[in-house]
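J.: Here it is, the structure in full.
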Amino acid sequence: GQQVMQIPQYQHVQEGEDFTTYCNSSTTLSNIQWYKQRPGGHPVFLIQLVKSGEVKKQKRLTFQFGEAKKNSSLHITATQTTDVGTYFCAGRYDYKLSFGAGTTVTVRA
Amino acid sequence: EPEVTQTPSHQVTQMGQEVILRCVPISNHLYFYWYRQILGQKVEFLVSFYNNEISEKSEIFDDQFSVERPDGSNFTLKIRSTKLEDSAMYFCASSAQERTQYFGPGTRLLVL
Numbered sequence: 667g668q669q670v671m672q673i674p675q676y677q678h679v680q681e682g683e684d685f686t687t688y689c690n691s692s693t694t695l696s697n698i699q700w701y702k703q704r705p706g707g708h709p710v711f712l713i714q715l716v717k718s719g720e721v722k723k724q725k726r727l728t729f730q731f732g733e734a735k736k737n738s739s740l741h742i743t744a745t746q747t748t749d750v751g752t753y754f755c756a757g758r759y760d761y762k763l764s765f766g767a768g769t770t771v772t773v774r775a
Numbered sequence: 004e005p006e007v008t009q010t011p012s013h014q015v016t017q018m019g020q021e022v023i024l025r026c027v028p029i030s031n032h033l034y035f036y037w038y039r040q041i042l043g044q045k046v047e048f049l050v051s052f053y054n055n056e057i058s059e060k061s062e063i064f065d066d067q068f069s070v071e072r073p074d075g076s077n078f079t080l081k082i083r084s085t086k087l088e089d090s091a092m093y094f095c096a097s098s099a100q101e102r103t104q105y106f107g108p109g110t111r112l113l114v115l
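Chains as they are written, first to last, in this note's numbering: chain A, 667 to 775; chain B, 4 to 115.
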């Protein structure tokens with residue numbers, strides 16, 4: 667079936683440092699969406715990328731969609747304690763989203 | 004801001020019992036979805052629903068599962084005979100015109 671692979675599974679970051687999480691699909695995606703889930707919470711939509719090579723920024727977050735529309739990345743600069751949570755990418759195939767396993771981010775002050 | 008709501012927030016049931024999880028999608032949305040998340044694992048797609056019929060379903064969504072939109076506002080997921088492995092958080096989501104999916108707060112189902 668269609669799957670989205672996401673790495674790393676865990677990311678422990680010093681406050682102020684940058685990190686990146688990556689997603690890869692074996693097949694071309696219609697679009698890719700990114701969600702953040704706080705501990706005990708539900709996935710909250712962050713952004714959607716549709717076009718090949720698209721780059722979008724939200725403050726300290728930079729999202730990128732690959733040229734082949736098979737991979738994506740989320741880069742966070744100057745990590746803050748509020749960035750704690752699990753970041754999921756979700757690749758869209760027809761009507762469904764296939765979620766990656768998520769990158770769980772912890773931050774040490 | 005409009006949001007997806009789900010009831011109940013928690014459900015405990017005995018193995019073999021039927022459960023119905025309820026969702027009220029955002030009012031002008033046309034596409035509805037159910038996902039589940041087993042504790043500590045990733046979110047898994049179950050089913051999508053549009054125009055009063057299932058548009059896609061995953062291999063998890065077997066004959067024990069069914070969905071219904073009984074009226075203009077509710078969207079339900081029924082599990083006919085629950086198994087231990089059905090214990091999970093179940094999220095409902097809705098979207099307008101195949102765009103961004105907005106998730107509800109989830110129902111935590113525990114099967115004993």
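All residues carry an ideal CB built from backbone N, CA and C; glycine is no exception.
#1: Taking 7 Å as the threshold (C-beta atoms), are H741/A and F106/B in contact?
#2: Taking only the alpha-carbon atoms, compute the straight-line gap between Y753/A and G19/B and give it to the nearest angstrom.
#3: Between which two residues does the beta strand (DSSP E) harbouring Q14/B extend?
#4: In chain B, which residues lie with their C-beta within 9 Å of the C-beta of F731/A?
#5: Is T772/A helix, strand or coil when you go by DSSP?
#6: Please identify the residue among P705/A, G757/A and K723/A whose C-alpha is closest to the C-alpha of L695/A.
#7: Please tell me whether G768/A has its Cβ less than 7 Å away from any Cβ of chain B.
#8: Checking contacts by CB at 7 Å: is P705/A closer than that to chain B?
#9: Taking the straight line between their C-alpha atoms, what separation do you get for V723/A and F729/A?
#10: Across which residues does DSSP place S58/B in a beta bridge pair?
#11: Between K717/A and Q104/B, what straight-line distance do the alpha-carbon atoms span, to the nearest angstrom?
T.: Result, derived from the coordinates:
#1: To locate residue 106/B, count along the second sequence from 1; it is residue 103. To locate residue 741/A, count along the first sequence from 1; it is residue 75. Their beta carbons are not under 7 Å apart, which means F106/B does not touch H741/A by this criterion.
#2: Against the first sequence, residue 753/A aligns to sequence position 87. Against the second sequence, residue 19/B aligns to sequence position 16. Approximately 35 Å between the Cα atoms of the pair.
#3: By 1-based counting over the second sequence, the position of residue 14/B is 11. Looking at the DSSP string, the run of the beta strand (DSSP E) that includes Q14/B is H13 to T16.
#4: The residue given as residue 731/A occupies position 65 in the first sequence. Ordered by position in chain B, no residue passes the 9 Å Cβ test against F731/A, which lies about 15 Å from the chain.
#5: Within the first sequence, numbered from 1, the residue matching residue 772/A stands at position 106. It is a strand residue.
#6: Along the first sequence, read from residue 1 onward, the residue named residue 695/A stands at position 29. The candidate whose alpha carbon is nearest that of L695/A is G757/A.
#7: Position 102 of the first sequence, counting from 1, holds the residue named residue 768/A. Output row for G768/A: interface = yes.
#8: Taking the first residue of the first sequence as 1, we reach residue 705/A at position 39. Not an interface residue.
#9: On the first sequence, residue 723/A is found 57 positions in, with the first residue counted as 1. On the first sequence, residue 729/A is found 63 positions in, with the first residue counted as 1. A quick correction: the sequence has Lys, not Val, at residue 723/A. Roughly 6 Å between the two C-alpha positions.
#10: Residue 58/B sits at position 55 when you count from the first residue of the second sequence. Answer is none; S58/B lacks a bridge partner.
#11: Working through the first sequence from its first residue, we reach residue 717/A at position 51. Working through the second sequence from its first residue, we reach residue 104/B at position 101. Rounded to the nearest angstrom, the two C-alpha atoms are 18 Å apart.
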